[in-house]
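I have placed the structure first, in the form of structure tokens, so that the comments after it can refer back to it.
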Amino acid sequence: MSKSTAAANGHSLWQKMPKANAELFALTYGTLVTELVRDYESTEDINEQLEKMGYSIGVRCVDEFLAKADQAGMVIPPCRAFAETAEVLAKTGFRMFLGVSAEVQMISDSSFSLLIYENPLSLFVELPSDPKWKDIKYSNLYCGILRGSLEQVNLRVECTMVKDVLQGDDVNEIRVDLKEVLVDGAGEEYDEE
Amino acid sequence: MSLECLAIIGKTNEPLYLLDVEKEDDEVTPDENDAFGFVESQQRERLSLEKEFMMHASIDNLEEALGSQRQGKGRASADSKWIGLLCPMEESFIYGYSTSTNIKILAMISDSMEDSREVHLKTLFAKVHNLFVEYMLNPWAGLQNKIESKKFESGIQEAVKVYNETNGIAWA
């Protein structure tokens with residue numbers, strides 16, 4: 001699937017999605033993170049919880065994505081290389097759900113970076129200058145979403161936030177590494193006889 | 194006519210943000226200026242005690258103005274947030290502005306001319322109000338705490354600079 005069709009698909013799917021108020025969305029996420037901060041002591045726990053939440057979101061997102069695309073008459077063929085997956089994620093997936101496009105930077109055959117310039121989750125957010133906030137990954141939800149959705153299509157990945165605008169960098173960068181291509185199985189309970 | 198200092202006062206009259214625009218380097222009493230415990234933020238301009246007292250005194254006038262307004266018609270128009278000249282001190286005037294959530298903004302203008310550049314001042318207050326709203330949208334901003342945010346401070350510095358410049362040009 002070429003880059004331009006992915007972008008075009010993303011744009012038209014975005015048009016069809018029901019919209020929510022961006023400020024409400026950002027403020028809700030902000031209170032979610034501050035609640036986590038109140039509940040958990042260490043920033044690692046907070047990051048982990050955000051990732052877990054993202055994982056449950058991601059697991060459901062991918063079905064919606066494929067269903068909506070099908071309804072819209074778009075053909076999203078099975079990706080032949082990991083690079084294609086990256087393009088579809090960045091241009092179509094992100095665009096459809098968040099309205100922002102991401103850029104892909106391939107690092108190797110099995111890992112890439114997603115660069116997000118405008119992050120709708122961190123509107124108005126400014127991290128306090130206390131050194132303990134250096135390690136918090138505010139947008140770690142995205143990492144979970146990517147991990148969850150790719151797992152549903154049999155790709156086990158590990159995602160980490162490498163750069164964060166809230167921590168002073170100029171772009172948000174999420175590194176995605178492919179660990180394993182899973183084989184379809186019915187689970188351990190079923191014994192094929 | 195230049196802005197001497199700016200203060201943002203909360204609902205229960207607690208100070209949220211104080212800015213002294215004229216930095217007087219021959220102030221020999223740094224500890225006295227530290228009345229609000231601003232030691233940790235070295236970059237912030239400290240408000241001299243004298244100015245602080247003057248601002249505090251004008252809050253009385255402000256309360257009076259607000260009280261009577263409440264009895265009258267409701268605050269409908271955008272202009273009704275503006276209170277106006279609160280009290281003329283020795284060499285300066287203090288203007289006030291109140292938001293609908295009872296956050297008050299006070300500005301002390303050193304004025305030798307009896308020329309009221311209220312339009313510019315109203316723009317300044319509107320900008321400060323906007324910056325305050327954006328600051329409040331940050332999930333980490335405390336509801337009753339002092340305002341500590343680089344973005345807010347740089348925005349205020351910018352707005353104050355623009356105000357002083359527009360007034361400077363108008364003079365010449």
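The listed protein sequences correspond, in order, to chains C and P. By the count of my numbering, the first sequence reaches residue 193 at its end, each step adding exactly one. By the count of my numbering, the second sequence reaches residue 365 at its end, each step adding exactly one. Ideal Cβ placement from N, Cα and C applies to all residues, glycine included. Predicted, not measured: the structure shown is a model, and the values here were computed from it.
Beta-carbon proximity check, residue i vs residue j, cutoff 8 Å
i	j	result
Asp-184(C)	Val-157(C)	no
Arg-147(C)	Val-162(C)	no
Ile-297(P)	Ser-291(P)	Reading off the sequence, residue 297(P) comes out as Lys, not Ile. For Lys-297(P) and Ser-291(P), yes; Cβs fall inside 8 Å.
Asp-164(C)	Lys-137(C)	yes
Ser-342(P)	Glu-126(C)	yes
Ser-101(C)	Gly-30(C)	no
Leu-114(C)	Ala-90(C)	yes
Lys-134(C)	Gln-167(C)	yes
Gln-337(P)	Glu-256(P)	no
Leu-324(P)	Phe-345(P)	yes
Val-353(P)	Leu-199(P)	yes
Ala-67(C)	Leu-13(C)	no
Met-282(P)	Glu-197(P)	no
Val-75(C)	Gln-152(C)	no
Pro-332(P)	Thr-43(C)	no
Tyr-142(C)	Gly-54(C)	yes
Phe-124(C)	Leu-330(P)	yes
Cys-279(P)	Asn-254(P)	It is worth fixing the name first, because residue 279(P) is Leu in this sequence and not Cys. For Leu-279(P) and Asn-254(P), yes; Cβs fall inside 8 Å.
Burial state of residue i, where buried means 16 or more other Cβ atoms lie within 10 Å
i	result
Asp-109(C)	exposed
Gln-15(C)	exposed
Thr-205(P)	exposed
Leu-317(P)	buried
Asn-21(C)	exposed
Asn-119(C)	buried
Glu-220(P)	Bear in mind that the predicted position of Glu-220(P) carries a pLDDT of just 38, short of 50, making it unreliable; the figure below should be weighed with that in mind. Glu-220(P) should be labelled exposed.
Ala-250(P)	exposed
Arg-95(C)	buried
Leu-50(C)	buried
Leu-182(C)	exposed
Lys-244(P)	buried
Ser-129(C)	exposed
Ser-56(C)	exposed
Phe-246(P)	exposed
Gly-289(P)	buried
Leu-24(C)	exposed
Pro-78(C)	exposed
Asn-172(C)	buried
Ile-349(P)	buried
Glu-225(P)	Unreliable positioning characterises Glu-225(P) in this predicted model, as indicated by a pLDDT of 42, which lies under 50. The coordinate reading is nonetheless provided below. That one is exposed.
Ala-6(C)	buried
Asp-285(P)	A quick correction: the sequence has Ser, not Asp, at residue 285(P). Answer is buried; the Cβ neighbour count reaches 16.
Leu-98(C)	buried
Thr-85(C)	buried
Glu-358(P)	exposed
Thr-92(C)	buried
Ser-122(C)	buried
Val-104(C)	buried
Gly-144(C)	buried
Tyr-328(P)	buried
Asn-154(C)	exposed
Opening and closing residue of the alpha helix (DSSP H) in which residue i lies
i	result
Arg-60(C)	43 to 71
Ile-145(C)	140 to 152
Leu-324(P)	311 to 329
Phe-97(C)	94 to 98
Gln-15(C)	3 to 16
Glu-87(C)	82 to 87
Where the beta strand (DSSP E) containing residue i begins and where it ends
i	result
Gly-277(P)	275 to 281
Val-104(C)	103 to 108
Ser-372(P)	Residue 372(P) falls outside the range modelled here, since chain P spans only 194 to 365, and no answer is possible.
Met-301(P)	297 to 303
Ser-111(C)	111 to 116
Bridge-paired residues (DSSP) for residue i
i	result
Ala-27(C)	In the sequence on display, residue 27(C) carries Leu and not Ala. The partner list for Leu-27(C) (beta bridge, DSSP) is empty, contrary to what the question assumes.
Glu-180(C)	Arg-156(C)
Lys-163(C)	Glu-173(C)
Tyr-210(P)	Ile-201(P)
Leu-196(P)	Ile-302(P)
beta-carbon residue i near the ligand GTP non-hydrogen atom, thresh 7 Å
i	result
Ala-258(P)	This structure lacks the ligand GTP, and indeed carries no ligand of any kind.
Contact residues within the segment 106 to 129 of chain C, judged by C-beta distance below 8 Å to chain P:
Leu-123, Phe-124, Val-125, Glu-126, Leu-127, Pro-128 and Ser-129
Taking only beta carbons into account, state which residues of the segment 14 to 32 of chain C come closer than 7 Å to chain P, listed in chain order.
Leu-27, Gly-30 and Thr-31
Can you give me, in chain order, the residues of the segment 321 to 352 of chain P that have a beta carbon less than 9 Å from any beta carbon in chain C?
Look at the segment 321 to 352 of chain P: the residues with a C-beta under 9 Å from a C-beta of chain C are Glu-327, Tyr-328, Met-329, Leu-330, Asn-331, Pro-332, Trp-333, Ala-334, Glu-341, Ser-342, Lys-343, Lys-344 and Phe-345.
When Cβ atoms are compared, which residues of the segment 30 to 60 of chain C fall closer than 9 Å to chain D?
Of the chains in the structure shown, none is chain D; the protein chains are C and P.
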